[in-house]
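Each residue of the sequence shown is one higher than the one before, counting from 1099 in this note's numbering.
Below is one structure, written out as structure tokens; the observations come after it.
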Amino acid sequence: MDCSESLPRVLVIGKESVGKSQLVASLTGRWAESYNFPGSTIACDCYADKFYNYIDSPGLLQRSDSDASRETLAALAENDRVLLVVNATHIDQDLEDLLGLVEDKHGAVVVTFWDKVVRIPDAGERLAELSRRAAIPIIPVDARRLSETHRQGIRRAVGEGRKFPLSPLSQRTGWTVEPSPTLFDKPVIGQVLALVLLTLPAWFAAQYANALADRLFEPLSALIAPLLGTVEGWPGPLAAIFGGDYGFVAMLPFLLLYSVPTVLFFAVIIALLKSSGLVDRMTVSLHPLMRPFGLAGRDLVRVMMGFGCNVPAVVNTRACSSCSRANCVTAIGIGAACSYQLPATVSVMAAAGMTYLVVPYLLFLAVTTLALLALSASRTSRDPQNHLLIEGRAFLQWPQWSAIRREAVHVAKQFFSVALPVFFLICVLAAILARSGVLDACSRLMGPLMSLFNLPPEAALAVVLGSIRKDGLAIGLLNMEAGTLKVPLESPVQVLTAVTLAGIFLPCLVTVLAIVRELGWLFALRMMARQSTAAVLSCLVLAWGGALF
């Protein structure tokens, strides 16, 4: 939050993807914290200039029952001064839908995406007439290129304190502008294209980002070796926490070379897709495919975000419908191989000389996730009559590189300020469990069960460690210094079974804590039970079905 107690508050509301966060950024020079896709503003954040505190609120969807929408409506009840943001291409519809919410409030209307309608004959005159008839300031802007004149006009309009008119308005602009159809709007072809664009980043990160990290791993390890030698000479508990097999310093090369680039890569890709409008087209195209599994097309973007980090993806499900939120969290927990899990998986495959298994691995995760959702999603969320929320097609445009750069910087700051301390705490926990003998005891207990999956008993450690933190699956299966397998996995099916079971048997502790914070312990425990059951059954099918071939 960046509010000043001495300044008046202005609540900025509107539908999703209408440009509220961009408008706030342009007014204040402070970029609102968002993840750059529909529903990305999930909490009310405050940003100030010299005149006002602007409250950037989550976007509203018709018939939305999401937590994010409820937060916006709660904020609306607490604030009398409002900046209503509507889309120029659908201005009449937006005003009809939203004016009823602000009838007792004071403020102004900002019309974004004005560049999309500026060529309509007499557009400016018709908007001016609408403003005159409604007796409320209506200001057309391009939020990405807000001039100082527009800034002053918005502040002046808000300061006038005019009351919003009653809905519906007697005057209308009389236009609606729809984006041109693309390949995404074609049946089958559009859905295949959308699926490729959604999965391509994971494949690219696995193939190329990790290949670069492999080249730099030994030089960085050599630089850290003196520090690691010093650490391992410290008293027992400290040496275990910072050195050993699970310590913070010992795992630093993996964190810096594999996790950080993957997180940044997905941040840039998501920002690129959003800034160009591709995300909206993809989610609309995939919506019909997702409904039988209790998901909306827009929920898939949260799952994609989980490949960077599960925690912000789980938090952003606040913008999901209450019908689909639990399903989306479930899909993130089992199907989104995060920036720890994916590099660890690829490093195991590389050590076995089987990097070609990356694509089958991602496909298997997708099939397992959809099978779990088909069996566990509520009837209400899968009912064909339940029209889960979806917005219309967005306009395609050239991406805004400043927004992409800003997003990468923001994600990097979040990673080092939030994820890094959590990573350290998990290193401490893993070291304590290892020093106390708990890890060995769990591995011995689970060792005999590995034969059920056609795996050697030594693979049990990877399953135990992978349930604590996802890079643990690499620690359990690899000799980290030599980069070779320390568990005898002889066939592609065994390698695929081992990394899949260790990766999805349970969500890692950080993800579990995020789920508990968002949806409570009861939901988290039920989800973990479903996920472990799905992991066991799917890996049994993989182990013995794959062995036949």
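Just so it is clear, CB atoms sit at the ideal spot from N, CA and C, and this is done for glycine as well.
All values derive from a computational prediction rather than experimental measurement.
Worksheet item: Relative to the C-alpha of A1291, which residue among L1473, L1376, A1529 and E1201 is closest?
Response: Before going further, note that residue 1291 is Leu rather than Ala in the sequence given. Selected option, being the one with the closest Cα: L1376.
Worksheet entry | CB of G1112 within 8 Å of CB of L1174, strictly | no
Fill in: Member of S1420, L1350 and S1115 whose CA lies at the smallest distance from the CA of A1669
Since the first and last residues shown for the chain are 1099 and 1647, residue 1669 lies out of range.
Worksheet item: Quick check: the stretch 1557 to 1570 against the stretch 1428 to 1442, are there 3 or more CB pairs under 8 Å?
Response: yes
Worksheet item: Between which two residues does the beta strand (DSSP E) containing C1144 stretch?
Response: D1143 to A1146
Practice prompt. For the stretch 1611 to 1624 and the stretch 1535 to 1552, state whether three or more C-beta atom pairs, one from each stretch, are separated by less than 8 Å.
Written response: no
Worksheet item: Which word fits T1609, buried or exposed, when buried means at least 16 other C-beta atoms lie within 10 angstroms of its C-beta?
Response: buried
Practice prompt. Determine the DSSP secondary structure at R1396, reduced to helix, strand or coil.
Written response: coil
Worksheet item: Between L1559 and G1535, is the Cβ-Cβ spacing less than 8 Å?
Response: no
Worksheet item: Which class does G1601 belong to by DSSP, given the choice of helix, strand or coil?
Response: helix
Worksheet entry | Pairwise C-alpha distance: L1527 and Q1495 | Those two C-alpha atoms are separated by around 47 Å.
Worksheet item: Are at least three pairs of beta-carbons, each pair with one atom in the stretch 1218 to 1233 and one in the stretch 1310 to 1321, less than 8 Å apart?
Response: Touching, no, given that fewer than three Cβ pairs across the two stretches are closer than 8 Å.
Worksheet item: How long is the line joining the alpha carbons of M1403 and R1533, rounded to whole angstroms?
Response: Take the alpha-carbon of M1403 and the one of R1533: they are about 35 Å apart.
Worksheet item: Any chance the stretch 1409 to 1417 sits against the stretch 1604 to 1618, with 3 or more Cβ pairs inside 8 Å?
Response: yes
Practice prompt. Report the option in P1497, L1295, P1333 and T1187 whose CA atom is closest to the CA atom of L1384.
Written response: L1295
Fill in: Proximity winner among K1584, A1627 and V1593, relative to F1603 (alpha-carbon distances)
A1627
Item to complete: Could you please give the first and the last residue of the uninterrupted alpha helix (DSSP H) stretch that includes G1564?
Response: A1558 to G1564
Worksheet item: DSSP on P1554, reduced to helix/strand/coil?
Response: coil
Worksheet item: Of the choices R1260, T1247, P1266 and I1287, whose alpha-carbon is the least far from that of D1192?
Response: P1266
Fill in: Best match in G1618, L1617, V1614 and L1599 for proximity to L1635 [C-alpha to C-alpha]
Comparing Cα-Cα distances from L1635 to each of G1618, L1617, V1614 and L1599, the minimum goes to L1599.
Practice prompt. Would you mind listing the alpha helix (DSSP H) stretches within the stretch 1275 to 1312 that are 4+ residues and don't spill past its ends, in chain order?
Written response: 1287 to 1302
Fill in: N1425 - DSSP class collapsed to helix/strand/coil
helix
Practice prompt. Report yes if the C-beta distance between G1117 and F1262 is below 8 Å; otherwise report no.
Written response: no
Fill in: Straight-line gap, D1190 to A1434 (C-alpha atoms, nearest Å)
39 Å
Discussion item. Could you check whether I1287 and L1281 sit closer than 8 Å to each other, using their CB atoms as the reference points?
Written reply: In contact: L1281 and I1287 (Cβ atoms closer than 8 Å).
Worksheet item: Starting from A1464 and walking both ways along the alpha helix (DSSP H), at which residues does that stretch end?
Response: V1456 to S1474
Worksheet entry | Rounded C-alpha distance that separates L1594 from T1466 | 14 Å
Worksheet item: A1506 to V1209, Cα distance in whole Å?
Response: 28 Å
Worksheet item: How long is the line joining the alpha carbons of M1452 and V1183, rounded to whole angstroms?
Response: Cα-Cα distance, rounded: 52 Å.
Item to complete: Within the same chain, show all residues whose beta-carbon is closer than 8 Å to that of L1638, passing over the 5 residues directly before and after it, in chain order.
Response: L1550 and F1551
Worksheet item: Quick one: Cα of F1514 to Cα of L1121, how far?
Response: 28 Å
Worksheet item: Cβ of A1186 within 8 Å of Cβ of V1215?
Response: yes
Worksheet item: If you drop the 5 nearest sequence neighbours on each side, which residues of the same chain put their C-beta closer than 8 Å to that of V1366?
Response: So the qualifying residues of the chain are I1502, E1505 and A1506.
Practice prompt. State buried or exposed for T1631, treating a residue as buried only when at least 16 other CB atoms are found within 10 Å of its CB.
Written response: Taking all protein chains shown into account, T1631 has fewer than 16 neighbouring C-beta atoms within 10 Å of its C-beta and is therefore exposed.
Item to complete: Tell me where the alpha helix (DSSP H) around L1354 begins and ends.
Response: Looking at the DSSP string, L1354 is not in any alpha helix (DSSP H), and its letter there is neither H nor E.
Practice prompt. Taking all protein chains shown into account, decide if S1419 is buried (16 or more other Cβ within 10 angstroms of its Cβ) or exposed.
Written response: buried
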